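I have placed the structure first, in the form of structure tokens, so that the comments after it can refer back to it.
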Amino acid sequence: MISIQMTASILSYLPAAKLSDIYGRKPFVTATFLLFALFPITLVLMPDASLLPLAFIVSGLREIGEPARKALIVDLAKEKYRGKTIGLYYLIRGATNIPALL
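Here this note's numbering is used: the first residue of the sequence shown is 11, the next is one more, and so on.
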């Protein structure tokens, strides 16, 4: 099932990036949160296991906002400091996830 999820993520990533450049970042970031919420709902409401791949396609599509989220970070950073800003963002993001591992 994870391979289905990753395939959906990969296939949606580049088109989502291009579309977020055209239509704006916010709709795609919003879609990500909606799809994050939709995945467990899809699992709970699944009438039988034969439809399970559909739930994992929904789960893969939640990455539709990842390019837009990254672009928002870059858009907000001053051009001179973009690399440092992105690095700092992922440092903070990674550091806040460390307690979850404990």
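Ideal placement from N, C-alpha and C gives every residue a C-beta, glycine not left out. Keep in mind the model is a prediction, meaning the values are calculated, not measured.
Best match in the options for proximity to residue i [C-alpha to C-alpha]
i    : options             : result
A27  : F49, P77, I108      : P77
F49  : F43, A65, T40       : A65
L53  : P37, L62, A105      : L62
V39  : N107, A87, K90, I83 : I83
G113 : I108, L44, I14, M16 : Outside the displayed range of the chain (11 to 112) lies residue 113, so it cannot be described from this structure.
T17  : I67, P37, P57       : I67
Per-residue burial, residue i [other beta carbons within 10 Å of its own, 16 or more giving buried]
i    : result
G70  : buried
L55  : exposed
K72  : A quick correction: the sequence has Arg, not Lys, at residue 72. Label assigned to R72: buried.
I12  : exposed
T106 : exposed
Straight-line gap, residue i to residue j (C-alpha atoms, nearest Å)
i    : j    : result
I20  : S30  : 16 Å
Q15  : S22  : 11 Å
R35  : K88  : 18 Å
P109 : I102 : 12 Å
P37  : Y100 : 22 Å
Starting from the N-terminal side, write out each stretch of the alpha helix (DSSP H) that is 4 residues or longer and does not extend beyond the region 13-76. Complete alpha helix (DSSP H) runs here, min 4: 36-55, 62-71.
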